[in-house]
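This report refers to the structure that appears directly beneath it.
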Amino acid sequence: MRTPRRSARPRRYLMCPPTHFKVSYSINPWMDPDKPVDLPLALAQWEVLRDRYRALGHTVEELRPRPDLPDMVFAANGATVVDGRVLGARFAFEERRGEAAVHAAWFRDHGFAEVREPQNVNEAEGDFAVTASWLLAGRGFRSSPLSHAEAQEYFGRPVIGLDLVDPRYYHLDTALCVLDDTTDSEVMYYPGAFSAGSRAVLARLFPDALIASRADAEAFGLNAVSDGRHVLLPQAAVGLFEPLRERGYEPVGMDLTELLKGGGSVKCCTQELRSAPA
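Here our numbering is used: position 119 in the sequence shown is 119, and no number is missing along the way.
Structural data, given as structure tokens:
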């Protein structure tokens, strides 16, 4: 028996077009500089995602790309916004460190009064996922465990640390997606990305979670965005569509195969602005 169809609520997102996207270095297992990027196709795929958000009633703000920062398209890594407060990013790799200042400047220029530059390495919504009450926080490849205490102190929300152990799932948003952030119970995740202890924590916190298969995780199906009803996810993650429908969600398949060459998909391209200036 299916759950009745769920309700969406309007969201605000920050995105950055892949005008200068390329894979000229490798900082995750998905990146191969020997595989050329079809830039016009990458831009077209990104525009379909942006336009789909708008068609669903959401607001999309755009960050101006810079030619010296080819990974800026992965806007989720630039900051975490909770209750209108902004915690910036501090990137693990030199190739991306310039993005942090661009994001911080955008927030200050757009009326966000509380913008903090972090002391510890964190890659923002790559490793922070927000539920109604908590922050789920990944660690193991990019973000420092010290960033968890810093985020908890700044946002005043409990932070639950989760250890990532498979380098293919180098950020939390490649292995877990919050489906309904008005609750503390609705997520989907891939157990194989996590340590044994973190799997036990997830099973305790989310006993009714949607468990993704290895095939769907490898298709980046957990790098998804939910507005509480519509779940935008890679169209290749075919095994997730029916389980989502059974839970009352509407899966929306997206083709971001060119951006996957950089190790990102729907969520990586999408930073959520959770409240912010009126």
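Don't be surprised by glycine CBs; every beta carbon is placed ideally from N, CA and C.
Just so you know, these numbers come straight off a predicted model, no measurement behind them.
Annotation for Phe128: the continuous beta strand (DSSP E) segment containing it runs Phe128 to Val130. For the pair Arg229 and Arg247, the Cα-to-Cα distance works out to about 10 angstroms. Bounds of the alpha helix (DSSP H) holding Thr257 are Thr257 to Leu260.
Ala124 places its beta carbon less than 8 angstroms from that of Gly78. Non-local C-beta neighbours of Asp180 in its own chain, meaning closer than 6 angstroms and more than five positions away in sequence, comprise Glu186 and Gly228, ordered along the chain.
The Cβ atoms of Gln152 and Pro158 sit closer than 8 angstroms to each other.
Under the Cβ criterion (8 angstroms, minimum of three pairs), the segment 26 to 46 counts as touching the segment 246 to 264. Unbroken beta strand (DSSP E) runs of no fewer than 3 residues, entirely contained in the segment 145 to 180, are found at 159 to 163 and 176 to 180, following chain order.
Close CB contacts of Leu63 within its chain, under the 8 angstroms cut and outside five residues either way in sequence, are with Leu14, Met15, Cys16, Met72, Ala75, Gly78, Val102, His103 and Trp106 (chain order). If the five residues before and after Arg9 are omitted, its C-beta is found closer than 6 angstroms to the C-beta atoms of Gly228, all from its own chain and listed in chain order.
Beta-bridge partners of Tyr249 (DSSP): none assigned.
A straight line joining the alpha-carbon of Trp30 with that of Arg97 spans about 20 angstroms. Check the Cα spacing between Ser275 and each of Thr80, Glu47 and Gln45: the tightest is with Thr80. In the DSSP assignment, His58 falls outside any beta strand (DSSP E), carrying neither H nor E. In this structure, DSSP gives Asn122 an extended state, which the three-state scheme calls strand. The DSSP-derived three-state label of Ser226 is strand. Listed as beta-bridge partners of Phe107 by DSSP are no residues whatsoever.
The C-alpha of Arg52 lies about 12 angstroms from the C-alpha of Val225.
Distance from the CA atom of Glu218 to the CA atom of Gly161, rounded to whole angstroms, is 23 angstroms. In the three-state DSSP reduction, Ala100 falls in the helix class (H, G or I). Per the coordinates, the alpha-carbon of Glu272 lies some 6 angstroms from the alpha-carbon of Arg12.
DSSP places Val23 in the coil class of the three-state scheme, outside both helix and strand. As computed with DSSP, Leu43 is found in no beta bridge at all.
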